[in-house]
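Residue numbers (this note's numbering): 34 to 392.
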């Protein structure tokens, strides 16, 4: 019976994928194939990026190159290329750097994907059409329970708990200059606490932080080993460490005083050399054929389209997008992230010189 159910489920997903891809205009597919190539910058985890790009190439016969860069690195790279981008499309990561890129005129909003009709909420797309969401993830804490027990410490329950002196040197966070995850932390604290109090909070938090990692997933990858005792990041990255890497000593915590979420988008770079292939990739990214690959590659984010099954692992660990702070202002973040990060770095002063290097 279980085997029959599995076959029926796989068939249903296949039919759903086929239906989603069938909605894509045939002339777009032909034009994309005629271009014959696509370059993707991805800011999700590399196994998911590789699976998504390789499957796209297999489906359409379009040679697809890809490179994994953190979300903070991509706008800088594209801006330096001054209207001649080395990639066509951007896939995954967090939406704040996408907003920065859009504000700088680096993204193209001329194409409205057919598959965007399957997005479950309006917040899962940029209001001006510069990006479209493919997943969402909850910001929180990941702790090593073995190390906390050894140190006779309780796990933090709130953002303010992280300032306790007993956590000095135990916390890891990603770099505000390179990681979209860290930029989301900045926006969340400044919105929750007010600008000045939020900046001061991050200055105080710096006193307890041992390492700032280049990538947003960096802290999660070191919690299970105990090198990092308390990691700040997206909780689905913690699920990966528990489910795929066997670190059962990791506890996932949604802060009791509120938290925010990321939206992982897909977008086309302005001036893309393969514009039709880029448009087709956006359609593909918003289909079950693409997002359905995530869980199988260790990416357990909540999916934001209505024609795909959610990864069971997220619900298994009690993660629920409805627990996210509903007052988070995406428009404020889009307009002010760069300034807010600059304000925090200025407040940190000399402490920022060595701890936040981008190379």
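Where a beta carbon is used, it is the ideal one built from N, C-alpha and C, also for glycine. Predicted model, so just to flag it, every value in this text is computed and none were measured.
Check: Work out the CA separation of residue 120 and residue 111 for me, nearest whole Å.; Outcome: 8 Å
Check: Rounded to a whole number of angstroms, what is the C-alpha to C-alpha distance between residue 60 and residue 106?; Outcome: 34 Å
Check: Taking only the alpha-carbon atoms, compute the straight-line gap between residue 376 and residue 92 and give it to the nearest angstrom.; Outcome: 46 Å
Check: Name the residue from 57, 271 and 182 whose alpha carbon lies nearest to the alpha carbon of residue 255.; Outcome: 271
Check: Whose C-beta lies closer than 6 Å to the C-beta of residue 50 among residues of the same chain, with five residues either side of it excluded?; Outcome: Residue confidence is low: residue 50 scores 45 on pLDDT, short of 50, so the model does not pin down where it sits. Its coordinate-derived value is still stated next. Excluding sequence neighbours, residue 50 sits near 321 and 322.
Check: Give me whichever residues DSSP pairs with residue 177 in a beta bridge.; Outcome: 283
Check: Spell out the partners DSSP gives residue 96 in its beta bridges.; Outcome: 70
Check: Would you identify the three-state DSSP class for residue 124, choosing helix, strand or coil?; Outcome: strand
Check: Per DSSP, which one or two residues make a beta bridge with residue 207?; Outcome: 246
Check: Can you find the residues in the same chain that come closer than 6 Å, C-beta to C-beta, to residue 39, ignoring five residues on each side of it along the sequence?; Outcome: The predicted model places residue 39 with a pLDDT of 37, which falls under 50 and marks its position as unreliable, so this point remains unresolved.
Check: What's the gap between the Cα of residue 36 and the Cα of residue 341?; Outcome: Low per-residue confidence applies at residue 36: pLDDT is 40, beneath 50, and the placement is therefore not dependable enough to give any value.
Check: Once DSSP output is grouped into helix, strand and coil, what is the label at residue 158?; Outcome: strand
Check: Would you please state the rounded distance, in angstroms, between the beta carbons of residue 200 and residue 241? I believe it to be under 8 Å.; Outcome: 5 Å
Check: Buried or exposed, going by whether 16 or more other CB atoms sit within 10 Å of the CB of residue 374?; Outcome: buried
Check: Would residue 349 be called buried (16 or more neighbouring beta carbons within 10 Å of its own) or exposed?; Outcome: exposed
Check: Measuring only the C-alpha atoms, how far is residue 65 from residue 311?; Outcome: 8 Å
Check: Which ranges would you report for the alpha helix (DSSP H) in the stretch 277-360 if only whole runs of at least 4 residues count?; Outcome: 308-318, 321-324 and 345-349
Check: Report all residues from its chain with a CB closer than 7 Å to the CB of residue 384; omit the five preceding and five following residues, and keep chain order.; Outcome: 239
Check: Residue 170 bridges to which residues according to DSSP?; Outcome: 295
Check: Quick one: what's residue 165 bridged to in DSSP?; Outcome: 158 and 299
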